[in-house]
Amino acid sequence: MRPIDNSELDELVQRKPILMLDLDRLTINFIDNIVRQSPGLITSKQGNKRLPLEIWLEILQWAKLWYRHVLVQPQSLEYGSTNTLICSEIPEWEACGQLQDDWEVGNYEHYPNRPGDGPNDNRPFTLPQALDNVLTYKVPITTLNEDDRMLCGDLTVPDVIAWAEDGECRLCGQGRYICAGCGGGRQITENFNFDWVSGDCSYKLLCPLCIGLKNARKGLWQEEDRNEGKDGYFTDEEYDAWVQSLFRKLGY
Numbered sequence: 002m003r004p005i006d007n008s009e010l011d012e013l014v015q016r017k018p019i020l021m022l023d024l025d026r027l028t029i030n031f032i033d034n035i036v037r038q039s040p041g042l043i044t045s046k047q048g049n050k051r052l053p054l055e056i057w058l059e060i061l062q063w064a065k066l067w068y069r070h071v072l073v074q075p076q077s078l079e080y081g082s083t084n085t086l087i088c089s090e091i092p093e094w095e096a097c098g099q100l101q102d103d104w105e106v107g108n109y110e111h112y113p114n115r116p117g118d119g120p121n122d123n124r125p126f127t128l129p130q131a132l133d134n135v136l137t138y139k140v141p142i143t144t145l146n147e148d149d150r151m152l153c154g155d156l157t158v159p160d161v162i163a164w165a166e167d168g169e170c171r172l173c174g175q176g177r178y179i180c181a182g183c184g185g186g187r188q189i190t191e192n193f194n195f196d197w198v199s200g201d202c203s204y205k206l207l208c209p210l211c212i213g214l215k216n217a218r219k220g221l222w223q224e225e226d227r228n229e230g231k232d233g234y235f236t237d238e239e240y241d242a243w244v245q246s247l248f249r250k251l252g253y
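Take 2 as the starting number for the sequence shown in our numbering and just add one per residue.
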């Protein structure tokens, strides 16, 4: 996924893709704007106590270590003292962590960028327009840029699993790896078109569902090159560093 920039908002409102919103960052931004105007605008209920700006900024910096994501759909732009993007929360969707093969993954990833409108039995989530009562959020346009990950688009199945479904993956049981031969590994490798390693316990692949098909495939190619003595494969240290970078990107 990638951060949404405020230069693309008109197109987003027309297309109405499914986006991911970090509610904690939205709250942090709201408080940050208040205390930068005047820290005295926020006081305790008892004693009317205030914190200096330096303390507030330190608190907010610590708060950025946490996150809480929801799926949303942009609805309109609202102009006023603060220009905002109005987003409605996606009330429910079929859990990405329950998908079982590469066809289901490809079909799922077809919809977030262009979900369409009106009834659609194949769409894996419920649009806000289908319900009477939905949560809406006002996202300040000035907060949307490439350096901030408050609102993101171009969502993939691993993104949704990691950030909106708490990393829950039925395929690997949150282990992030799958043995190609043990347990259900044989069936999983066949379901995701890794037939050439099916049943071979010498191969341990990254989970193609929660880590991604491309990453699982790249990891297998690295193992094959190493087993066949080809040049250019990762050393153990390089492989571990690559895997850890993937995990960090997904928040694991």
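Cβ atoms here follow ideal geometry from the backbone N, Cα and C, with glycine treated the same way.
As the structure is a computational prediction, the values presented were derived from the model and not from experiment.
Item: Should the segment 6-25 be called in touch with the segment 133-149, which here means at least 3 C-beta pairs below 8 Å?; Value: yes
Item: What do you get for F193, buried or exposed, if any count of 16 or more other CB atoms within 10 angstroms of its CB means buried?; Value: buried
Item: Could you spell out the range, first to last residue, of the alpha helix (DSSP H) harbouring S246?; Value: 237-250
Item: With a threshold of 8 Å on Cβ separation, who are the neighbours of T157 within its own chain once the five nearest residues in sequence on each side are excluded?; Value: M2, E110, G213
Item: Going by other Cβ atoms of all chains shown within 10 Å of its Cβ, with 16 needed for buried, is R16 buried or exposed?; Value: exposed
Item: Taking DSSP's pairing of strands, which residues face W94 in a bridge?; Value: F126
Item: Note down, in chain order, each residue of its chain lying with its Cβ closer than 7 Å to the Cβ of W164, except the 5 sequence neighbours on either side.; Value: M21, H70, G252
Item: Is Y109 helix, strand or coil by DSSP?; Value: helix
Item: Using the C-alpha atoms, what's the distance from E59 back to I179?; Value: 41 Å
Item: Considering only the alpha carbon of each residue, which of G186, G182, E166 lies closest to C1?; Value: Only positions 2 to 253 of the chain appear in the structure, and residue 1 is not among them; the question remains open.
Item: Can you give the Cα-Cα distance for L78 and D11, rounded to whole angstroms?; Value: 8 Å
Item: Could you check where the alpha helix (DSSP H) with Q15 kicks off and where it finishes?; Value: 10-16
Item: Under 9 Å between the Cβ atoms of P116 and I19?; Value: yes
Item: Can you find at least 3 beta carbon pairs, one from the segment 31-45 and one from the segment 94-108, that sit closer than 8 Å?; Value: no
Item: Bridge partners for M21 per DSSP, in chain order?; Value: L72, C153
Item: Within the same chain, show all residues whose beta-carbon is closer than 7 Å to that of P125, passing over the 5 residues directly before and after it, in chain order.; Value: W94, E95, Y109, Y112
Item: Provide the residue span of the alpha helix (DSSP H) that contains L207, from first to last.; Value: Segment 205-207 is the beta strand (DSSP E) holding L207; no alpha helix (DSSP H) there.
Item: Give the secondary structure of P141 by DSSP, where H, G and I count as helix, E and B as strand, and everything else as coil.; Value: strand
Item: Near G119, which residues of its chain fall below 6 Å by C-beta distance, leaving aside the five closest residues on each side in sequence?; Value: none
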